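2 protein chains.
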Amino acid sequence: MATALGIDIGGTDLRVALVGDGGKVLSHARTATAASAGPEAVIAQIVALAGSLTSPAGASNPAGIGIGSPGPLDAERGLVQSPPTLAGWHDVPLAAIVADRLNLPTALDNDGHVAALGEWRYGAARSASTFAYVTISTGIGGGLVVDGRMLRGAGGRAGHVGHMVTTDAPLRCVCGNLGCWEAMASGTALARAARQAVAEAPDSLLARLAAERDVDGRLVGEAARAGDAVALALVEAEARSIAAGLTSLIHLISPQRIVIGGGLSALLDLMQPTIEAEVARRTMAVFHGVDIVAAELGPATGVIGAAALILAPDRATRFSPRTHNEKVSP
Amino acid sequence: MATALGIDIGGTDLRVALVGDGGKVLSHARTATAASAGPEAVIAQIVALAGSLTSPAGASNPAGIGIGSPGPLDAERGLVQSPPTLAGWHDVPLAAIVADRLNLPTALDNDGHVAALGEWRYGAARSASTFAYVTISTGIGGGLVVDGRMLRGAGGRAGHVGHMVTTDAPLRCVCGNLGCWEAMASGTALARAARQAVAEAPDSLLARLAAERDVDGRLVGEAARAGDAVALALVEAEARSIAAGLTSLIHLISPQRIVIGGGLSALLDLMQPTIEAEVARRTMAVFHGVDIVAAELGPATGVIGAAALILAPDRATRFSPRTHNEKVSP
Chain A
343 MATALGIDIG GTDLRVALVG DGGKVLSHAR TATAASAGPE AVIAQIVALA
393 GSLTSPAGAS NPAGIGIGSP GPLDAERGLV QSPPTLAGWH DVPLAAIVAD
443 RLNLPTALDN DGHVAALGEW RYGAARSAST FAYVTISTGI GGGLVVDGRM
493 LRGAGGRAGH VGHMVTTDAP LRCVCGNLGC WEAMASGTAL ARAARQAVAE
543 APDSLLARLA AERDVDGRLV GEAARAGDAV ALALVEAEAR SIAAGLTSLI
593 HLISPQRIVI GGGLSALLDL MQPTIEAEVA RRTMAVFHGV DIVAAELGPA
643 TGVIGAAALI LAPDRATRFS PRTHNEKVSP
Chain B
343 MATALGIDIG GTDLRVALVG DGGKVLSHAR TATAASAGPE AVIAQIVALA
393 GSLTSPAGAS NPAGIGIGSP GPLDAERGLV QSPPTLAGWH DVPLAAIVAD
443 RLNLPTALDN DGHVAALGEW RYGAARSAST FAYVTISTGI GGGLVVDGRM
493 LRGAGGRAGH VGHMVTTDAP LRCVCGNLGC WEAMASGTAL ARAARQAVAE
543 APDSLLARLA AERDVDGRLV GEAARAGDAV ALALVEAEAR SIAAGLTSLI
593 HLISPQRIVI GGGLSALLDL MQPTIEAEVA RRTMAVFHGV DIVAAELGPA
643 TGVIGAAALI LAPDRATRFS PRTHNEKVSP
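As they're listed, the protein sequences go chains A and B. When we follow my numbering, the leftmost residue of the first sequence carries the number 343, and every step to the right adds one. When we follow my numbering, the leftmost residue of the second sequence carries the number 343, and every step to the right adds one.
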């Protein structure tokens, strides 16, 4: 069985997995990302985690390594440029470094493209030639596949769906822009709206739950499922905000399907009727009927999609290890 | 010299041209589109105009016919579905009909894709592998080229850039949606704002010009160039509205260039400083420096781009004439 290593560098968690045919996770390891300690520390974590993986009987040696990293990055040059969630990273040639340290061909792409590739090859977008993958959690990211190809654009930066302008409300986004979809519809935006609702409705179930726990999308979902009117109104408003951005994406790429991942996808069943009604109301009739579905790969999307850069790539750029004579020790 | 016929079916004008290498118009003819008379009448106009073209010495017979038509249409099936600007057109197999009547292989695409193809092959996007073509006139349309390919999407409907959601102002778009970019930033939107400004500032130069002429983008531009403060404020607001949509497109496809066509591109020199400042303010730093330029092909964009479907196509679907034995007379 062909295998590859998948590495998912998150601002919170660092995950490494050995992935086999069909996107099956054969072995995995996770640690808290040393996000404030600079690139050398994180690279050392990657090498240590990869070394800790066991290989099941019958699995061949990994054919290579795929890495998903926060952007901005340059996939063609294998460079991580300056992700806001990783301190001290500036133009780090991560693909070449990891190729050398682990002595395997290595490919790099941003986390949105990698997750879209995972869902495309092994998940909810398997049969689609045109789809949008949208991950809604702290922020909103994603990847766009059109006519059977992942959009990359100049510098590989296509697919920053969270930074479409969708509102004139004075919502400041972490990117600095006003009115981004991310500022309006991310999990962070929902949590902000929920904290305000808690303050305004102290007798609601949501407020009672909030007395003991963090106010986030999960808590809103729990209160909504228990029938709390305040939480249900928050879910409804969130669904409408999500639909505004989906309307833009549908008119732009004419997808067969939209795949929703990230933490907030756990609320998709609650939001789906409103999202679908709102999208139908806001799109031209010829665009009606686009499937809106939840991502299938869950928290392993990142490592599975990263391994797909090797097992089932949509493009060719890989960085080879230098020969042992030239190799620089860690 | 290779040549092709280009046909541009507009809601107002019907244009037919013989186009040679390099997108050069060798001969052309134009008439008012019989837009309310149904498809047979327009097809008869096309046949008559094509017959009226003269071929210069040295030009070879046309290799085929390209048609640009208002959408929605299905390019793969050669069908014009139901354009709002053409009465009585429903699923008309226009490519096959024109192929038969003029006895030449025929390709069909929507007017936004066709104009983008023309600018890509012969105009302002010649060197670009990723760009957005945006035409701003009565409405807003366009075509998106990413990584060297025109985006088509399901049913060939990608690139409806005018129907991105860019505002929560209660602006009703002709498509039925609220808050479309087209409703906010088209020439129609500018004319509406100008009529209101004329009513509010009857002593302005704009109002004085408006006493004798239609209030439209051209009039606003003329008053602005003469220094009228009311007109300059309208141009400034229009530039900001345009920038909102461009911000979304830049984050989505990461273009090297944005090409602006349509009637309002005549005001681009007036709007450019504000558009560029606004786009710089609203996009992440890694996206700064995208060229924003005017289309180069002018009113002939449609016929030149249509001919490019034959002379320099980006995809293969053509409809061949049936043999003479089978041919149905007009």
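Virtual Cβ for every residue (Gly too), placed ideally from N, Cα, C. Please read all numbers here as calculations on a predicted model, not as lab measurements.
Rounded separation between residue i and residue j - CA only
{"i": "R674 (chain A)", "j": "A371 (chain A)", "result": "The displayed coordinates of chain A run from 343 to 672. Any statement about residue 674 (chain A) would go beyond what the structure contains."}
{"i": "Q387 (chain A)", "j": "L395 (chain A)", "result": "13 Å"}
{"i": "L576 (chain B)", "j": "L513 (chain B)", "result": "17 Å"}
{"i": "T472 (chain B)", "j": "A549 (chain B)", "result": "42 Å"}
{"i": "L551 (chain B)", "j": "L612 (chain B)", "result": "19 Å"}
{"i": "V670 (chain B)", "j": "C522 (chain A)", "result": "Legend: pLDDT at V670 (chain B) = 39, less than 50; position of this residue unreliable, value from coordinates given subsequently. One C-alpha to the other measures close to 55 Å."}
{"i": "G498 (chain B)", "j": "V516 (chain B)", "result": "21 Å"}
{"i": "D545 (chain A)", "j": "A581 (chain A)", "result": "24 Å"}
{"i": "E524 (chain B)", "j": "L591 (chain A)", "result": "15 Å"}
{"i": "H505 (chain B)", "j": "T625 (chain A)", "result": "8 Å"}
{"i": "P672 (chain B)", "j": "E618 (chain A)", "result": "Note that P672 (chain B) has pLDDT 35, beneath the 50 cutoff, so the model's placement of it is unreliable and the number below is only indicative. The alpha-carbon atoms of P672 (chain B) and E618 (chain A) are separated by roughly 45 Å."}
{"i": "L436 (chain A)", "j": "D489 (chain B)", "result": "24 Å"}
{"i": "L561 (chain A)", "j": "G465 (chain A)", "result": "27 Å"}
{"i": "S424 (chain A)", "j": "I385 (chain A)", "result": "15 Å"}
{"i": "I652 (chain B)", "j": "G518 (chain A)", "result": "45 Å"}
{"i": "A568 (chain B)", "j": "V540 (chain B)", "result": "16 Å"}
{"i": "M343 (chain A)", "j": "E564 (chain A)", "result": "42 Å"}
{"i": "A543 (chain A)", "j": "T477 (chain A)", "result": "30 Å"}
{"i": "A496 (chain B)", "j": "A417 (chain A)", "result": "27 Å"}
{"i": "A379 (chain B)", "j": "P426 (chain A)", "result": "59 Å"}
Residue from the options with nearest C-alpha to residue i
{"i": "I634 (chain A)", "options": "A:V645, A:P398, A:E620 and A:A642", "result": "A:E620"}
{"i": "A474 (chain A)", "options": "A:G430, A:L609, A:G353 and A:G603", "result": "A:G603"}
{"i": "I407 (chain A)", "options": "A:L594, A:R357 and A:L450", "result": "A:L450"}
{"i": "A527 (chain B)", "options": "B:A405, B:G563 and B:S479", "result": "B:S479"}
{"i": "A507 (chain B)", "options": "A:L588, A:H455 and A:G518", "result": "According to the sequence provided, residue 507 (chain B) is Val. The question's Ala does not apply to it. The residue with the shortest Cα to Cα distance from V507 (chain B) is A:L588."}
{"i": "W431 (chain A)", "options": "A:V422, A:G644 and A:V476", "result": "A:V422"}
{"i": "S596 (chain B)", "options": "B:A585, B:A571, B:V628 and B:I617", "result": "B:V628"}
{"i": "T448 (chain B)", "options": "B:A539, B:V562 and B:L347", "result": "B:L347"}
{"i": "A392 (chain A)", "options": "A:A539, A:A654 and A:A649", "result": "A:A649"}
{"i": "A535 (chain B)", "options": "B:I351, B:V557, B:V601 and B:E564", "result": "B:V557"}
{"i": "W462 (chain B)", "options": "B:D510, B:P615, B:V562 and B:V601", "result": "B:V601"}
{"i": "Q614 (chain B)", "options": "B:G644, B:S583, B:L594 and B:T643", "result": "B:S583"}
{"i": "H593 (chain B)", "options": "A:A500, A:A568 and A:V540", "result": "A:A500"}
{"i": "A654 (chain B)", "options": "B:G563, B:A405 and B:D570", "result": "B:A405"}
{"i": "G481 (chain B)", "options": "B:D570, B:E542, B:A379 and B:P412", "result": "B:P412"}
{"i": "I439 (chain A)", "options": "A:P381, A:T427 and A:T477", "result": "A:P381"}
Beta-carbon proximity list for residue i, same chain, < 8 Å, skipping 5 on both sides
{"i": "D355 (chain B)", "result": "R372, T373, A374 and T375"}
{"i": "L368 (chain B)", "result": "T345, A359, L360, V361, G362, S397, P398 and A401"}
{"i": "A622 (chain B)", "result": "H630"}
{"i": "N667 (chain A)", "result": "Any reading at N667 (chain A) needs caution, since the residue's pLDDT is 38, under 50, leaving its predicted position unreliable; the model's value is listed next. None."}
{"i": "G644 (chain A)", "result": "G348, D350, G352, R357, G410, D453, V456, A457 and G460"}
{"i": "D433 (chain B)", "result": "L421, V422, Q423 and S424"}
Amino acids of chain C, ordered along the chain, whose beta-carbon sits closer than 7 Å to that of residue i
{"i": "A500 (chain A)", "result": "Chain labels in this structure do not include chain C; the protein chains are A and B."}
Residues near residue i by beta carbon distance below 7 Å, same chain, minus five either side
{"i": "L520 (chain B)", "result": "P512, L513 and R514"}
{"i": "G559 (chain A)", "result": "G529, L532, A533, G605, L606 and L609"}
{"i": "R599 (chain A)", "result": "A467, A470, F473, V632, D633 and V635"}
{"i": "H502 (chain B)", "result": "none"}
{"i": "I646 (chain B)", "result": "G348, V361, G365, V367, G460, Y464 and L639"}
{"i": "A553 (chain A)", "result": "none"}
Distance between beta carbons of residue j and residue i, contact taken as under 8 Å
{"i": "A458 (chain B)", "j": "G485 (chain B)", "result": "3 Å"}
{"i": "A566 (chain A)", "j": "A573 (chain A)", "result": "4 Å"}
{"i": "R491 (chain B)", "j": "D656 (chain B)", "result": "7 Å"}
{"i": "L415 (chain A)", "j": "N452 (chain A)", "result": "6 Å"}
{"i": "L547 (chain A)", "j": "D510 (chain A)", "result": "That pair is no contact at about 33 Å."}
Contacts around residue i, its chain only, beta-carbon distance under 6 Å, and the 5 residues preceding and following it disregarded
{"i": "A383 (chain A)", "result": "A376"}
{"i": "A585 (chain B)", "result": "I617, E620 and V621"}
{"i": "L428 (chain B)", "result": "A377"}
{"i": "A390 (chain A)", "result": "none"}
{"i": "N403 (chain A)", "result": "none"}
Below 8 Å, can you find three or more Cβ-Cβ pairs linking the region 621-641 of chain B to the region 655-664 of chain A?
no
Taking 8 Å as the cut-off, does the region 484-499 of chain B touch the region 435-450 of chain B (at least 3 CB pairs, one atom from each stretch)?
no
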